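For the sequence shown, counting from 1, position 17 maps to 32 in this note's numbering; every step adds exactly one.
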Amino acid sequence: MILMKQTSIILYLLLSSLTALPVAATSVLPVTLEQLSIRANIIFYGKVVRNEVKKDAQSGQIATFTTFEVIDLIKGNTGASHTIKQLGGKHEDSHTHLLIYGVPQFSVDQEYVVFLPKKSSLGFSSPIGLQQGSFSVNTQNGEKIVGNGSNLANQPTAANADIQIPLAVRADEPAQAHLSDFINTVRAYNVR
């Protein structure tokens with residue numbers, strides 16, 4: 016009987032401590048391709064050449080530094096390569112893992128179209144809308160296809176837009192578009 020009471024008390028304390036743990040979440044409002052295009056300071060199509068996770072000297076936090084070879088600069092100014100710093104990552108040396116939900120992870124040798132804001136005062140620059148501002152580029156049947164999982168067809172436009180710039184999406188997969196059509200649409204949003 017005493018053993019059963021002790022077990023019940025221990026179980027109760029264990030469960031109570033689990034419910035008291037802090038919970039964090041990342042909430043991001045949906046962003047259209049037009050909004051991404053207009054808000055971005057830099058937009059480029061590039062290939063990841065390196066990822067480095069280390070403790071950031073400016074912030075003291077674990078950060079991932081991703082270096083891209085810029086294949087096509089769509090908007091803004093940058094060189095032949097561009098490095099972004101994002102909060103979080105898996106630091107092997109210290110066995111520290113800081114995962115921020117929604118912050119995109121980029122794979123070496125993978126190509127992306129990336130929409131970036133101005134760097135923060137600490138030099139951080141995650142894509143606008145987090146994952147919404149990162150589009151992976153894959154080759155399907157010899158053609159470059161871009162997508163990020165969101166539906167690219169029939170996106171709403173800004174209330175004050177005179178015209179809607181169409182984006183030719185794949186009929187069988189509205190979350191994907193041909194890379195050249197995608198880039199031309201993004202450029203058109205920035206000419207108006």
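For every residue, glycine included, the Cβ atom is placed at its ideal position computed from N, Cα and C. Since the structure is predicted, the reported quantities are computational estimates derived from the model, not experimental observations.
Notebook entry, point to check: Comparing alpha-carbon positions, which option in Pro132, Leu137, Leu131, Tyr127 lies nearest Asn153?
Noted result: Tyr127
Checklist line | Pairwise C-alpha distance: Pro142 and Gln101 | finding: 9 Å
Margin query: I'd like the ranges of any beta strand (DSSP E) spanning at least 3 consecutive residues and lying wholly in the stretch 102-153.
Written below: 104-106, 111-113, 126-131
Notebook entry, point to check: If you draw a straight line from the C-alpha of Glu158 to the C-alpha of Phe150, how long is it?
Noted result: 15 Å
Margin query: Could you give the first and the last residue of the continuous beta strand (DSSP E) run that contains Leu88?
Written below: 77-90
Check: What are the boundary residues of the alpha helix (DSSP H) that Val201 is part of?
Finding: 194-204
Notebook entry, point to check: Which residue's Cα is closest to the Cα of Ser136: Gln73, Gln146, Gln147, Val118?
Noted result: Gln73
Check: Cβ of His112 within 8 Å of Cβ of Lys69?
Finding: no
Notebook entry, point to check: Grouping DSSP H, G and I as helix and E and B as strand, with all else coil, what is Ala190?
Noted result: Strand, per DSSP.
Notebook entry, point to check: Are the CB atoms of Gly164 and Ala203 nearer to each other than 8 Å?
Noted result: no
Notebook entry, point to check: Count the other CB atoms within 10 Å of the CB of Pro45; is the residue buried (16 or more) or exposed (fewer)?
Noted result: So Pro45 ends up on the exposed side.
Note to self: Rounded to the nearest angstrom, what separates Ile58 and Asp108 at their Cα positions?
What the structure shows: 33 Å
Next item on the list: Can you say whether Ala95 is buried or exposed, counting buried as having 16 or more other CB atoms within 10 angstroms of its CB?
Entry: In this structure Ala95 is exposed. Its beta-carbon is surrounded by fewer than 16 other beta-carbon atoms within 10 angstroms.
Item checked: Own chain residues within Cβ distance below 6 Å of Gly91, not counting five before or after -> Residues of the same chain with a CB within less than 6 Å of the CB of Gly91, apart from the 5 flanking positions on each side, are Asn56, Ile57 in chain order.
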